[in-house]
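Student: In this note's numbering, the protein residues as written are 55 to 193. Every residue, glycine too, gets a C-beta built ideally from N, C-alpha and C.
(1) Quick test of your reading: residue 185 and residue 117, contact by CB under 8 Å. State the CB separation rounded to the nearest angstrom.
(2) Give the secondary structure of residue 102 by DSSP, where H, G and I count as helix, E and B as strand, and everything else as coil.
(3) Going by beta carbon distance, what residues of the same chain come within less than 7 Å of residue 166, once the five residues before and after it are set aside?
(4) Pick helix, strand or coil for residue 90, following the three-state DSSP scheme.
(5) Can you check whether the CB of residue 84 is closer than 8 Å to the CB of residue 164?
(6) Strictly by DSSP, which residues pair up with residue 112?
(7) Could you tell me whether the region 96–107 touches the region 131–141, where touching means 3 or more Cβ pairs closer than 8 Å?
(8) Answer with buried or exposed for residue 178, where buried requires no fewer than 16 other C-beta atoms within 10 angstroms of its C-beta.
(9) Could you check the C-alpha separation between residue 123 and residue 105 for me, to the nearest Å?
(10) List the whole-angstrom C-beta distance separating residue 136 from residue 108, where the pair is believed to meet the contact cut-off of C-beta under 8 Å.
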């Protein structure tokens, strides 16, 4: 899909700019799986019960804190959470932090999600495996 291709290009651009070295982050299928599970590649996605928005469905408090760490000046969640570049930059940075502090993808995804949800972890892994299978069929 068109959004899927845009996400992939943004992800590549952000990885090269930020120099993210973690293997789980560089493994683009993990990023795509999170975005598919969280927002189905809809950068305008908005959670009905929380402040989670955009591709990564990051809540306002987390996104605002990460924006400060990344020196993103004048971050406004109502506006910037829908900016694909900023949203993915925050997602990649936050997931990298989660992985570096836990040293496992499962623990990192639990931390990213903010709960001890094994269902979420399985959804992300199943989606990642589906993405890999589709890529292998195309090759």
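Tutor: For this structure:
(1) Not a contact, Cβ separation roughly 25 Å.
(2) coil
(3) 148, 149, 152
(4) helix
(5) no
(6) 107
(7) yes
(8) buried
(9) 20 Å
(10) 5 Å
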